[in-house]
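Undergrad: If you're matching them up, the sequences are chains A and B in order.
Just so you know, the numbering used here puts 213 at position 213 of the first sequence, and the rest follows in order with no gaps.
Just so you know, the numbering used here puts 251 at position 251 of the second sequence, and the rest follows in order with no gaps.
Every residue, glycine too, gets a C-beta built ideally from N, C-alpha and C.
Owing to the predicted nature of the structure, the values given are computational and were not obtained by experimental measurement.
Can you keep this structure in mind? I'll have questions shortly.
Protein chains: 2
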Amino acid sequence: MVRLRGNLIVGQSGGPTAVINNSLVGVVREAMQQDCVEEVYGARWGIRGVLDETLMDLQREHDSVLEGLRYTPSAALGSVRYKLKEDDYARILEVFRAHNIRYLLYIGGNDSMNTAHRVHQLAEAEGYELRAVGIPKTVDNDLIITDHCPGYPSAARFVATAIRDTGWDTESMGPSSPVKIMEIMGRDAGWLTASAALARQADEDAPHLVYVPERPVSVEQIGQDVLRCLEKYGRAVIALSEGVRDETGEAIGAHQAAVEIDAFGHRLKGGAVEYLGQALRDIVGTKVRYDRPNYLQRCFASEVSSVDREEAYLVARAAVRDAVAGRSDVMVTLVREPGSEYHCTTGLAPLANVADAVKKLPNDFMNEAGNFPTEKFIEYARPLIGEPLAPYVRLNRFFIPKKAGR
Amino acid sequence: MVRLRGNLIVGQSGGPTAVINNSLVGVVREAMQQDCVEEVYGARWGIRGVLDETLMDLQREHDSVLEGLRYTPSAALGSVRYKLKEDDYARILEVFRAHNIRYLLYIGGNDSMNTAHRVHQLAEAEGYELRAVGIPKTVDNDLIITDHCPGYPSAARFVATAIRDTGWDTESMGPSSPVKIMEIMGRDAGWLTASAALARQADEDAPHLVYVPERPVSVEQIGQDVLRCLEKYGRAVIALSEGVRDETGEAIGAHQAAVEIDAFGHRLKGGAVEYLGQALRDIVGTKVRYDRPNYLQRCFASEVSSVDREEAYLVARAAVRDAVAGRSDVMVTLVREPGSEYHCTTGLAPLANVADAVKKLPNDFMNEAGNFPTEKFIEYARPLIGEPLAPYVRLNRFFIPKKAGR
Chain A
1 MVRLRGNLIV
11 GQSGGPTAVI
21 NNSLVGVVRE
31 AMQQDCVEEV
41 YGARWGIRGV
51 LDETLMDLQR
61 EHDSVLEGLR
71 YTPSAALGSV
81 RYKLKEDDYA
91 RILEVFRAHN
101 IRYLLYIGGN
111 DSMNTAHRVH
121 QLAEAEGYEL
131 RAVGIPKTVD
141 NDLIITDHCP
151 GYPSAARFVA
161 TAIRDTGWDT
171 ESMGPSSPVK
181 IMEIMGRDAG
191 WLTASAALAR
201 QADEDAPHLV
211 YVPERPVSVE
221 QIGQDVLRCL
231 EKYGRAVIAL
241 SEGVRDETGE
251 AIGAHQAAVE
261 IDAFGHRLKG
271 GAVEYLGQAL
281 RDIVGTKVRY
291 DRPNYLQRCF
301 ASEVSSVDRE
311 EAYLVARAAV
321 RDAVAGRSDV
331 MVTLVREPGS
341 EYHCTTGLAP
351 LANVADAVKK
361 LPNDFMNEAG
371 NFPTEKFIEY
381 ARPLIGEPLA
391 PYVRLNRFFI
401 PKKAGR
Chain B
1 MVRLRGNLIV
11 GQSGGPTAVI
21 NNSLVGVVRE
31 AMQQDCVEEV
41 YGARWGIRGV
51 LDETLMDLQR
61 EHDSVLEGLR
71 YTPSAALGSV
81 RYKLKEDDYA
91 RILEVFRAHN
101 IRYLLYIGGN
111 DSMNTAHRVH
121 QLAEAEGYEL
131 RAVGIPKTVD
141 NDLIITDHCP
151 GYPSAARFVA
161 TAIRDTGWDT
171 ESMGPSSPVK
181 IMEIMGRDAG
191 WLTASAALAR
201 QADEDAPHLV
211 YVPERPVSVE
221 QIGQDVLRCL
231 EKYGRAVIAL
241 SEGVRDETGE
251 AIGAHQAAVE
261 IDAFGHRLKG
271 GAVEYLGQAL
281 RDIVGTKVRY
291 DRPNYLQRCF
301 ASEVSSVDRE
311 EAYLVARAAV
321 RDAVAGRSDV
331 MVTLVREPGS
341 EYHCTTGLAP
351 LANVADAVKK
361 LPNDFMNEAG
371 NFPTEKFIEY
381 ARPLIGEPLA
391 PYVRLNRFFI
401 PKKAGR
């Protein structure tokens, strides 16, 4: 087979993750081993860097920098959220021609896969030989066909440990402050919110309730669920997706809409957690606390999953090999091998398919009541988050007889 | 010297920390080595457990439980926030007499030291021989006399790493989303907020601005500071104390007061971060993001400082030895040894002094502008947070010449 000679460009797109730089390093290292790849360029700020021709030579980076990037969260090239306009595609091809770029490796989610797909289509239409291969990345875990998306396992590990620890905090404050909500990322899919259940050792551990966008729920129902947990455990720690919907299908808190701010006369939008917190105070009559770790979910390096770090690296190397082998208009996928020991290999999916779809939590990954993940979800997700977490312990509480009256 | 024979009680009070159980274990293990201490009791839910006589036998706990507690965040006995009433003190003494409790070891902050002090006073007035010794604990680090408070170093390490990581996240999103605020605990003292500066490797790293309660600042001034950072670094990541005050001395956001909620007709209080975020959007004209890790700051076990874990244990052992040696109405302190290598021994401070005071950040721990900690603060705090953090790396960014026109 005659391999396509030319230069390669890699870009990072969308929200960064704690391991996305592993995919960048994987591309660079694999590309440098391929004779047909001449120069290895990085696009500054994703596709914007292509449009305005802000390209970096990645082969000149010292290997100590590349190795360091494997432990540095966030997108080292700079990322972007930019919706391409129609003329942009022609401009991309113009830049590719000027620099003899024959390989496009694009790391991102659905939108990024759509970008890579569109560029491939235009190149084909114009007879410009190009290999466009997508590398999956999203903490939302909502790309189809792939078993899971690099970036998700580390975010899941962070969420699992964060809700575990804040759960123990809640437990130790006892009846004075028994309800806590953690708001978790994921507007349309509940994968990350469900992962809150992964660090639980016992029934009484947090989270006690998990609400995801796939399963609409009324505030009144949440209130009833919380009352039941208070009865049973003396506390209720809730993992709440930012995208959770009420029985009418509207995002919880959305109709609360706005807040008047005296000094500026602005309207400030509150989120699901503020709204639900206030409502629960009324229904259950206790204090309600909340945590909103927001961006920490996708960048917290000390909770990176070792499985995720390695897979983010491997999918990128596979992507370069596939491109060099002549594949284009595809995204590399993770394919879980059957068997009891967790192991993934890589596969391929058409970019067009991936770009158009969102993978929701399957119905049987949540219980019937829609308020907790099933064992099937746990079996799916637990191998992804890496090393087992150190167990926490409770006192046995050997109470002694009272003898001081009252 | 004739040592006071009798039983010992230990309690945990106020907000838990990631290492407070080390102080509990320190008390139990040291007490079990002292012949004059007969039984070792734990009070369930702090002083409430004494009032309602809910006491646990801690000597029956297996050593594997005690060892496990050293790595378990939150207060294993259960904690409490309860302001004692006048008659409560007599009841405490009643319970102590009934159980022959002669040693009170109380782990907490100012309020807890006040409790221990008052119990000591009443015992003395009634001729009941009692040793009351306080063990410092607070992520706020605001107890006087002691060099620092166990619990603070671990919270500081979490805050430093969290703002570092969210800073890299902000950096990688570039101009599309260049301002981020992290709200940090500490209503009256800026110790924890200042610790955001501890993980910075370079000038351009987060945080770029740090605002503490000790240094009132106008929203307009913050806006100017942010504009300057955007000019200089292209981004501005802000560590904002929840207790930061404006030029009138009022908490920022306090007068924003309330939010109407349609469905329930409630008023919901917004915090400093929402208010400032909205104001900055107006002043700087960019997106403003924020993180509010709330309780994660005091419970996140995977960012525990190894120094803190050990010191929380040592102060507790020292407290028992001091009590057995006849001291009472004192709190154990950490005393930093002079010399280049960090090392602390323990000392003692009168409970009454500690109970009445709050240690603010010294003036020379913040710069003149009041928007960043000084090197003096860094020198004070860095040794506390334990092992050095793994360095992160940036690409050198070897840009290549443009050749595609436009």
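Within 8 Å (strictly less), CB to CB, does GLU242 of chain B reach chain A?
TA: Counting from 1 along the second sequence, the entry for residue 242 of chain B is found at position 242. No, because no Cβ of chain A sits closer than 8 Å to the Cβ of GLU242 of chain B.
Undergrad: By DSSP's criteria, ARG317 of chain A is part of a beta bridge. Which residues make up the other side?
TA: Within the first sequence, numbered from 1, the residue matching residue 317 of chain A stands at position 317. DSSP lists no partner for ARG317 of chain A.
Undergrad: What does CYS299 of chain A pair with, by DSSP beta-bridge criteria?
TA: By one-based count along the first sequence, residue 299 of chain A stands at place 299. Answer is none; CYS299 of chain A lacks a bridge partner.
Undergrad: Let me check one thing: in DSSP terms, what residues is ILE107 of chain A bridge-paired to?
TA: Position 107 of the first sequence, counting from 1, holds the residue named residue 107 of chain A. Answer is A:GLN12 and A:ILE135.
Undergrad: Alpha carbon to alpha carbon, what distance is there between VAL19 of chain A and PRO73 of chain A?
TA: Residue mapping note: residue 73 of chain A aligns to position 73 of the first sequence, counting from 1. Residue mapping note: residue 19 of chain A aligns to position 19 of the first sequence, counting from 1. Using only the alpha carbons, I get a separation of about 6 Å.
Undergrad: Which parts of the stretch 335–365 of chain B are runs of the beta strand (DSSP E), unbroken and 3 residues or longer, counting only runs that do not cross its ends?
TA: As far as the stretch 335–365 of chain B is concerned, its whole beta strand (DSSP E) runs of at least 3 residues are 344–350.
Undergrad: Work out the CA separation of PRO350 of chain B and ALA98 of chain B for me, nearest whole Å.
TA: Numbered from its first residue, the second sequence carries residue 98 of chain B at position 98. Numbered from its first residue, the second sequence carries residue 350 of chain B at position 350. The alpha-carbon atoms of ALA98 of chain B and PRO350 of chain B are separated by roughly 27 Å.
Undergrad: Taking only beta-carbon atoms, is GLY265 of chain B less than 8 Å away from chain A?
TA: The residue labelled residue 265 of chain B in the question sits at position 265 within the second sequence. Bear in mind that the predicted position of GLY265 of chain B carries a pLDDT of just 40, short of 50, making it unreliable; the figure below should be weighed with that in mind. With 8 Å as the cut-off, GLY265 of chain B does not count as an interface residue toward chain A.
Undergrad: With 8 Å as the C-beta to C-beta threshold (strictly closer), list the residues of the stretch 373–394 of chain A near chain D in chain order.
TA: Judged by its chain identifiers, the structure shown contains no chain D, and its protein chains are A and B.
Undergrad: Terminal residues of the continuous alpha helix (DSSP H) containing LEU93 of chain B?
TA: For the purposes of this step, residue 93 of chain B is taken as residue 93 along the second sequence, with counting starting at 1. 86–98 is the extent of the alpha helix (DSSP H) around LEU93 of chain B.
Undergrad: For ILE400 of chain A, decide whether its Cβ has a neighbour in chain B, counting only Cβ atoms nearer than 8 Å.
TA: If you number the first sequence from 1, residue 400 of chain A lands on position 400. Taking Cβ atoms only, chain B reaches closer than 8 Å to ILE400 of chain A, which makes this a yes.
Undergrad: Is there at least one Cβ from chain A nearer than 8 Å to PRO16 of chain B's Cβ?
TA: Here residue 16 of chain B refers to the residue found at position 16 when the second sequence is read from its first residue. Judged by the 8 Å Cβ criterion, PRO16 of chain B is in contact with chain A.
Undergrad: What are the partner residues of SER241 of chain A, as DSSP defines its beta bridges?
TA: Start at 1 with the first residue of the first sequence, and residue 241 of chain A comes out as number 241. Bridge partners of SER241 of chain A: A:ILE184.
Undergrad: Does ASP67 of chain B pass the burial test, meaning 16 or more other C-beta atoms within 10 Å, or should it be called exposed?
TA: Within the second sequence, the letter at position 67 stands for residue 67 of chain B. With the sequence shown as reference, residue 67 of chain B is identified as Glu, and Asp is not the correct amino acid for it. That one is exposed.
Undergrad: Assess contact between the stretch 179–189 of chain A and the stretch 328–344 of chain A, defined as three or more Cβ pairs (one per stretch) separated by less than 8 Å. Is contact present?
TA: At 8 Å Cβ cutoff, the stretches do not touch.
Undergrad: Taking the C-alpha atoms as reference points, what is the distance between ASP87 of chain B and ARG48 of chain B?
TA: In the second sequence, residue 87 of chain B corresponds to position 87, counting from 1. In the second sequence, residue 48 of chain B corresponds to position 48, counting from 1. Going by the C-alpha atoms only, they are around 13 Å apart.
Undergrad: Assuming GLY167 of chain B is part of the alpha helix (DSSP H), what are its boundary residues?
TA: Mapped onto the second sequence, residue 167 of chain B falls at position 167. It spans 152–173 - the alpha helix (DSSP H) in which GLY167 of chain B sits, taken as one unbroken run.
Undergrad: If the cut-off is 9 Å on Cβ atoms, which residues from the stretch 293–321 of chain A count as contacting chain B, listed in chain order?
TA: Correct list: PRO293, ASN294, TYR295, LEU296, ARG298, CYS299, PHE300, ALA301, SER302 and GLU303.
Undergrad: Could you work out which residues of chain B lie near GLU337 of chain A, taking near to mean beta carbons separated by less than 9 Å?
TA: By one-based count along the first sequence, residue 337 of chain A stands at place 337. Here the premise fails: no neighbours, minimum Cβ distance about 30 Å.
Undergrad: Taking VAL65 of chain A as the query, report the chain B residues whose CB atoms sit under 9 Å from its CB, ordered along the chain.
TA: For the purposes of this step, residue 65 of chain A is taken as residue 65 along the first sequence, with counting starting at 1. Near VAL65 of chain A (Cβ distances below 9 Å), the residues of chain B are VAL393, ARG394, LEU395 and ASN396.
Undergrad: Between the alpha carbons of LYS232 of chain B and SER177 of chain B, how many angstroms are there, rounded?
TA: The count along the second sequence starts at 1 and reaches residue 232 of chain B at position 232. The count along the second sequence starts at 1 and reaches residue 177 of chain B at position 177. Whole-angstrom Cα-Cα distance: 16 Å.
Undergrad: Looking at C-alpha atoms only, which residue of A:ALA116, A:LEU296, A:GLU53 and A:GLY151 is the closest neighbour of GLU311 of chain A?
TA: As a working note, residue 311 of chain A is residue 311 in the first sequence. Minimum Cα distance to GLU311 of chain A is reached at A:GLY151.
Undergrad: Assuming the contact rule is C-beta atoms closer than 8 Å, ASN396 of chain A and GLU39 of chain B should be a hit. Round their C-beta distance to whole Å, please.
TA: Locating residue 396 of chain A in the first sequence gives position 396, where the first residue counts as 1. Locating residue 39 of chain B in the second sequence gives position 39, where the first residue counts as 1. No, ASN396 of chain A and GLU39 of chain B are not in contact; Cβ-Cβ is about 16 Å, not under 8 Å.
Undergrad: Excluding the 5 residues preceding and the 5 following ALA355 of chain A in the sequence, name in chain order all residues of the same chain whose CB lies nearer than 6 Å to its CB.
TA: As a working note, residue 355 of chain A is residue 355 in the first sequence. Same-chain partners within the cutoff: ASN110, MET113, ASN114 and HIS117.
Undergrad: Tell me, please, which residues DSSP counts as bridged to ASN7 of chain A.
TA: Counting from one through the first sequence, the residue named residue 7 of chain A turns up at place 7. A:ILE101, per the DSSP bridge assignment.
Undergrad: Please list the partners that PRO73 of chain A has in chain B, where partner means a Cβ-to-Cβ separation under 8 Å.
TA: Residue 73 of chain A sits at position 73 when you count from the first residue of the first sequence. The contacting residues are ASP165, TRP168, ASP169 and TYR392.
Undergrad: Let's test the definition: count the other Cβ atoms within 10 Å of the Cβ of SER13 of chain A and tell me whether it reaches 16, buried, or not, exposed.
TA: Taking the first sequence and counting its residues from 1, one reaches residue 13 of chain A at position 13. So SER13 of chain A ends up on the buried side.
Undergrad: In the DSSP assignment, find the alpha helix (DSSP H) that holds VAL219 of chain A and state where it starts and stops.
TA: On the first sequence, position 219 is the one that residue 219 of chain A refers to. Per DSSP, VAL219 of chain A belongs to the alpha helix (DSSP H) from 219–233.
Undergrad: Measure the C-alpha to C-alpha separation of GLY223 of chain A and GLU171 of chain A and round it to an integer number of angstroms.
TA: The count along the first sequence starts at 1 and reaches residue 223 of chain A at position 223. The count along the first sequence starts at 1 and reaches residue 171 of chain A at position 171. Cα-Cα distance, rounded: 19 Å.
Undergrad: Can you pull the chain B neighbours of ASP57 of chain A, defined as C-beta to C-beta under 7 Å?
TA: Mapped onto the first sequence, residue 57 of chain A falls at position 57. The contacting residues are PHE398 and ILE400.
Undergrad: Can you tell me which of A:ILE252, A:ASP57 and A:LYS85 puts its alpha carbon nearest to the alpha carbon of SER241 of chain A?
TA: For the purposes of this step, residue 241 of chain A is taken as residue 241 along the first sequence, with counting starting at 1. Answer by Cα proximity: A:ILE252.
Undergrad: Could you tell me which of B:ARG3, B:LEU77 and B:VAL2 sits nearest to PHE398 of chain A, measuring between CA atoms?
TA: Start at 1 with the first residue of the first sequence, and residue 398 of chain A comes out as number 398. The candidate whose alpha carbon is nearest that of PHE398 of chain A is B:LEU77.
Undergrad: Alpha carbon to alpha carbon, what distance is there between ILE378 of chain B and TYR89 of chain A?
TA: Within the first sequence, residue 89 of chain A is the residue found at index 89, counting from 1. Within the second sequence, residue 378 of chain B is the residue found at index 378, counting from 1. The alpha-carbon atoms of TYR89 of chain A and ILE378 of chain B are separated by roughly 50 Å.
Undergrad: Under 8 Å between the Cβ atoms of LEU105 of chain B and LEU8 of chain B?
TA: Looking up residue 105 of chain B in the second sequence gives position 105. Looking up residue 8 of chain B in the second sequence gives position 8. Contact: yes.
Undergrad: Within this structure, are the beta carbons of GLU30 of chain B and ARG321 of chain B separated by less than 8 Å?
TA: Against the second sequence, residue 30 of chain B aligns to sequence position 30. Against the second sequence, residue 321 of chain B aligns to sequence position 321. Yes; because the gap between Cβ atoms is below 8 Å, this pair is in contact.
Undergrad: If we call anything under 8 Å between Cβ atoms a contact, is LEU55 of chain B one with ALA43 of chain B?
TA: For this step, residue 55 of chain B is matched to residue 55 along the second sequence. For this step, residue 43 of chain B is matched to residue 43 along the second sequence. Closer than 8 Å, so yes.
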